[in-house]
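Residue numbers for the sequence shown follow my numbering, so the first one is 281 and each next one is one higher.
Below: the structure, in structure tokens.
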Amino acid sequence: MMTRALGAHSLARDLGNWQDDSNRRSAARPAYRALAEGIRLLVHDGRIPLGVALPSERELASVLELSRTTITSSYSVLRDEGYLISRQGSRSTVALPHGTRQNGLMFRAHLPDSDNSVVDLSYAAMAAPAEAVEQAYSAALQSLPQFLPTHGMEPVGIAALRDVIAERYRRRGLDTAPEQIMVTSGAQHALRLLLSVLTAPGDRVLIDHPTYPNALEAIRRVGARPVPVPIRPEAGSSGAWDLDGVRSAARQTAARMAYLIPDFHNPTGLCLDESGREELSKIARETRMMLVVDETMVDLWLDAPSPGPVAAYGPGKGSADVVTIGSAAKSFWGGLRVGWIRADPALITRLAGARAAVDLGTPVMDQLAAAHLLADDELVLARRRAELREQRSAMLDALADRLPDWVPTIGSGGMSLWLRMTAPVSTALAATAPNYGVLLAAGPRFGVEGAFERFVRLPYARVADDLRRGVNGVAMAYETLAVDRDLGEPRLVI
Ligand SMILES: Cc1ncc(COP(=O)(O)O)c(C=O)c1O
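This is the structure in structure tokens:
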């Protein structure tokens, strides 16, 4: 297998203003040290995937307009610190120093002072719109008798629901027949089925980096290998997806499949723009890589709706190279356990065959309820979006007040903020936060190989009061880590 190589221009772009930053901190810091630090932070942030080769010293010196000696010294610092591994006759590849993933920090246990009810910010999921869900199940009960004379098990789903789902795609500009739809027990089930049919152990699967943690787990469980392609939040919707990176990673690793979340991405909330969608479907076609697009969050646009399904873009609209996953979990309620796959009818048939080894269909009552909710969704979704907008502002206000140094990515939808902290202490923070009444998912859960120690996801899927309490707890936990803001390193508190 060919080693993936990082281009000098890509690295220069990701390093951004590394020199200015080092000047601010210490005018006396030599350039080679500042450069090594810049690269080290990119590794921790998941911007440089582990195992890729850094640009040659000559190439990087030329792009950064530095002397070759500076680059050699920088690489040598990184090598000494364990961030670069050199093998004879090949380029140095990026690594994490031994023991980084378990950083061994220990913390004093604190109990919350008075209020010991826990704010669970480890899930990005809302409570149900109770009235609408109750009505949907009442209607489902009315429709149930017509199914009772049948055996009730349908691997592709009941016709009534497949019709509604196909109609929703058509409304969004993507011609779809019910034969292209398979109902699943959630989007996670959909992905797992697709992985089992489309990949074999050892196959590469491209992923957004960061990405949805349970998707990563599913990829690993089938023995496939996730290939991270960094998301760049600071580049905004037009540049956050490094599509050149997707193309070159697809070519260099001969990936079978890409699993991407271009619609209000979990955890950043970013949304890929039109030209990006066009380009993505072109890449899938050129590289013969199956593109699996997870649209679980698509209804939760807060600032602007999604430009449209990725499968509707590109030269052959409705392309067989793009498979779309959907779900009722975020739009309505996770407890419904209803999701779906939109794909070529031939693939739907293969998936239905594979499904029998796992389950024999999604419960009819849940499918009927989902059909009612999806067929008449406008009011419920408008309310949900309004709630999320309000909650997002409440969380941003609380953060500005309690953790003003943290930098949030504010995507145009979804349910969570992805925050860059001033120090790489995410795992320690998640371990300490329960002592302050908050549950958190640490940044590294959203990436591979220990990346994202400087990041944390905070969902705003709860009422504003809970969010304020949650942020307060996170801030108190962060303070105990005694972060030295200048050095950006954690210090042990005994
Ligand atoms: C991007 C993404 N995909 C899939 C899922 C799982 O969806 P479901 O509950 O339909 O299995 C989630 C849930 O958080 C998600 O955020």
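Backbone N, C-alpha and C fix where the C-beta goes; we use that ideal spot for every residue, glycine too.
(request) Identify every run of the beta strand (DSSP E) within the segment 638-700, keeping only runs that are complete inside it and at least 3 residues long; order them along the chain. (result) 687-689, 696-700
(message) Is any non-hydrogen atom of ligand 1 found closer than 7 Å to the C-beta of TYR539, if you look at the structure I gave you?
(response) For the purposes of this step, residue 539 is taken as the residue at position 259 of the sequence shown. Flag unset: Cβ of TYR539 not near ligand 1.
(message) I'd like to know whether the C-beta atoms of GLY727 and GLY326 end up nearer to each other than 8 Å.
(response) Indexing the sequence shown from 1 puts residue 727 at position 447. Indexing the sequence shown from 1 puts residue 326 at position 46. The answer is yes: Cβ separation under 8 Å.
(request) Determine the burial state of ARG367: buried for a count of at least 16 other Cβ atoms within 10 Å of its Cβ, exposed for fewer. (result) Locating residue 367 in the sequence shown gives position 87, counting from the first residue. Exposed: under 16 other Cβ atoms inside 10 Å.
(request) Return the Cβ separation of LEU679 and TRP686 in integer angstroms, given the expectation that the two are a contact with Cβ distance under 8 Å. (result) Your numbering for residue 679 matches position 399 in the sequence shown. Your numbering for residue 686 matches position 406 in the sequence shown. Their Cβ separation, rounded to whole angstroms, is 6 Å, which keeps LEU679 and TRP686 in contact under 8 Å.
(message) For a test of your reading of the model: does the CB of HIS469 fall under 7 Å from any non-hydrogen atom of ligand 1? Yes or no.
(response) The residue you call residue 469 lines up with position 189 of the sequence shown. Flag set: Cβ of HIS469 near ligand 1.
(request) Tell me whether SER586 counts as near ligand 1, meaning its Cβ is closer than 7 Å to at least one heavy atom of that ligand. (result) Indexing the sequence shown from 1 puts residue 586 at position 306. Not under cutoff, so the answer is no.
(message) Taking a contact to mean a Cβ-Cβ separation below 8 Å, would you say ILE563 touches ALA584 in this structure?
(response) In the sequence shown, the residue the question calls residue 563 occupies position 283. In the sequence shown, the residue the question calls residue 584 occupies position 304. No, they are not a contact pair.
(request) Just mark ARG663 as buried or exposed, buried being the case when its beta carbon has 16 or more other beta carbons within 10 Å. (result) As a first step, residue 663 must be located in the sequence shown, where it is residue number 383. Exposed is the call here.
(request) Taking only heavy atoms of ligand 1 into account, decide whether any of them is closer than 7 Å to the Cβ of GLY549. (result) Residue numbering aside, residue 549 sits at position 269 when the sequence shown is read from its first letter. Checking every heavy atom of ligand 1 against the Cβ of GLY549, none is found closer than 7 Å.
(request) Count the other C-beta atoms from every protein chain shown that fall within 10 angstroms of the C-beta of MET789, then say buried if there are 16 or more, exposed otherwise. (result) Coverage of the chain is limited to positions 281 through 774, which leaves residue 789 absent and any answer about it impossible.
(message) From the DSSP secondary-structure annotation, give me the bridge partner or partners of PHE735.
(response) Locating residue 735 in the sequence shown gives position 455, where the first residue counts as 1. Answer is ARG700, bridged to PHE735.
(request) Assign LEU286 to buried or exposed, taking buried as 16 or more other Cβ atoms, counted over all protein chains shown, within 10 Å of its Cβ. (result) As a first step, residue 286 must be located in the sequence shown, where it is residue number 6. Buried, by the Cβ-count rule.
(request) Compare the Cα-Cα distances from TYR449 to each of LEU344, ASP579, VAL343, LEU474 and report the closest residue. (result) By one-based count along the sequence shown, residue 449 stands at place 169. For TYR449, the nearest C-alpha among the options comes from ASP579.
(request) Report the option in ALA341, THR350, ARG630, VAL526 whose CA atom is closest to the CA atom of PRO310. (result) Position 30 of the sequence shown holds residue 310. Among ALA341, THR350, ARG630, VAL526, the Cα nearest to that of PRO310 belongs to THR350.
(request) Would you mind reading off the limits of the beta strand (DSSP E) that contains VAL572? (result) In the sequence shown, counting from the first residue as 1, residue 572 sits at position 292. First-last of the beta strand (DSSP E) with VAL572: 570-574.
(message) Using a Cβ distance threshold of 8 Å, determine whether the segment 465-477 contacts the segment 612-625, with at least three qualifying pairs required.
(response) These segments touch.
(request) Please classify ARG284: does DSSP put it in a helix, a strand, or coil? (result) By one-based count along the sequence shown, residue 284 stands at place 4. For ARG284, the three-state secondary structure derived from DSSP is coil.
(message) Considering just the uninterrupted stretch of the beta strand (DSSP E) at TYR539, what are its terminal residues?
(response) Mapped onto the sequence shown, residue 539 falls at position 259. Under the DSSP assignment, TYR539 falls in the beta strand (DSSP E) whose first and last residues are 537-540.
(request) Using beta-carbon positions only, say whether THR689 and LEU697 come within less than 8 Å of one another. (result) On the sequence shown, residue 689 is found 409 positions in, with the first residue counted as 1. On the sequence shown, residue 697 is found 417 positions in, with the first residue counted as 1. Going by C-beta atoms, THR689 is nearer than 8 Å to LEU697.
(request) In angstroms with no decimal places, state the Cα-to-Cα distance between PRO425 and THR479. (result) One-based indexing of the sequence shown puts residue 425 at position 145. One-based indexing of the sequence shown puts residue 479 at position 199. Their backbone Cα atoms lie some 40 Å apart in a straight line.
(request) Label ARG725 either buried or exposed according to how many other C-beta atoms from any shown protein chain fall within 10 Å of its C-beta, with 16 as the threshold for buried. (result) The residue labelled residue 725 in the question sits at position 445 within the sequence shown. The residue in question, ARG725, is buried, as its Cβ has 16 or more Cβ neighbours within 10 Å.
(message) Between which residues of its own chain and LEU661 is the CB-CB distance below 7 Å, once the five residues before and five after are set aside?
(response) On the sequence shown, residue 661 is found 381 positions in, with the first residue counted as 1. ASP579, SER611, listed in sequence order.
(message) Is ALA651 a contact residue of ligand 1, with contact defined as CB to any heavy atom under 7 Å?
(response) Within the sequence shown, the letter at position 371 stands for residue 651. No.
(request) Compare the Cα-Cα distances from LEU322 to each of LEU364, THR283, LEU346 and report the closest residue. (result) Walking along the sequence shown from the start, residue 322 turns up at place 42. Closest in alpha carbon position to LEU322, among LEU364, THR283, LEU346, is LEU364.
(message) Could you check if SER263 belongs to the surroundings of ligand 1, using beta carbon to heavy atom distance under 7 Å?
(response) One cannot answer for residue 263 here, as it falls past the ends of the chain, which runs 281 to 774.
(message) For a test of the three-state rule: what should DSSP assign to ARG635, helix, strand or coil?
(response) In the sequence shown, counting from the first residue as 1, residue 635 sits at position 355. Correct three-state label for ARG635: helix.
(message) As a quick exercise: from LEU315, LEU699, PRO377, pick the residue whose alpha carbon is nearest that of ARG734.
(response) One-based indexing of the sequence shown puts residue 734 at position 454. Comparing Cα positions, the closest option is LEU699.
(message) Could you compute how far the alpha carbon of ALA802 sits from the alpha carbon of GLU459?
(response) It is not possible to answer for residue 802, since the shown part of the chain is limited to 281 through 774.
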